[in-house]
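Below: one structure, written as structure tokens.
Numbering (my numbering), first residue to last: 34 to 222.
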């Protein structure tokens, strides 16, 4: 049974660290505990573009205009030396109300991204812009990021100190039920 990611649900989850949430997901036997490895925050504090045909982005529309407000954007693509996000796109996403970006690839214009104050996690940086080989082909599709499937409606916890964890929408209620007991047990150690 799926528990929607309501403001109350998100507020309840915010009382716990990414580590607590990952422990709950492991207790539910979710592979990897929802953890997306090897990401580092670029700036402190799901709609999903994916470079896989066929494109569902209407001609004449930029993919950033299709990302819903108040979401965390997950980007994934094949390995590339080019950045999938830079200062201009970060500014556009921030203006549109995106809360954070998880880029399973490279970013550039790190100083500009920090200036926009949009939290961004990425695998690394590049000096090469997206014109060097990165192109969005689809939005609101399931993507694999570091061995974790992410789909629209999943809850993404982007913790600058501990990392990024994805809670599948259908597991949110179970995770919330487990967290208080896990936090108490963790505090005893």
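We put the beta carbon where it would ideally sit given N, CA and C, even for glycine.
(1) Starting from residue 183, follow the beta strand (DSSP E) in both directions and report where the run begins and ends.
(2) Using the C-alpha atoms, what's the distance from residue 222 back to residue 173?
(3) Run through the DSSP bridge pairs and tell me what residue 196 is partnered with.
(4) Below 8 Å, how does it come out for the segment 143-156 and the segment 51-65: are there three or more Cβ pairs, yes or no?
(5) Going by other Cβ atoms of all chains shown within 10 Å of its Cβ, with 16 needed for buried, is residue 120 buried or exposed?
(6) If I follow the unbroken alpha helix (DSSP H) through residue 59, where does it start and stop?
(7) Applying the criterion that 16 or more other CB atoms from any shown protein chain within 10 Å of the CB defines a buried residue, is residue 37 buried or exposed?
(8) Between 167, 127, 160, which lies nearest to residue 141 when the distance is taken from Cα to Cα?
(9) Mind checking residue 182: buried by the 16 CB within 10 Å criterion, or exposed?
(10) Tell me which residues share the same chain as residue 125 and place their Cβ nearer than 7 Å to its Cβ, disregarding the 5 neighbours each side in the sequence.
(11) Using C-beta distances below 8 Å, list every residue in its chain close to residue 216, excluding the 5 sequence neighbours before and after it, in chain order.
(12) For the beta strand (DSSP E) that residue 138 lies in, which residues bound it at each end?
(13) Compute the beta-carbon to beta-carbon distance between residue 162 and residue 210, rounded to the nearest angstrom, for a pair I have assumed lies under 8 Å.
(14) Closest to residue 175 by C-alpha separation, out of 164, 166, 187, 167, would be which residue?
(15) Give the DSSP-derived three-state secondary structure of residue 163 in the structure shown.
Looking at the coordinates:
(1) 181-183
(2) 41 Å
(3) 192
(4) no
(5) buried
(6) 51-60
(7) exposed
(8) 160
(9) exposed
(10) 97
(11) 49, 53
(12) 133-140
(13) Not quite, the Cβ-Cβ distance comes to about 45 Å (not below 8 Å), so this is no contact.
(14) 187
(15) helix
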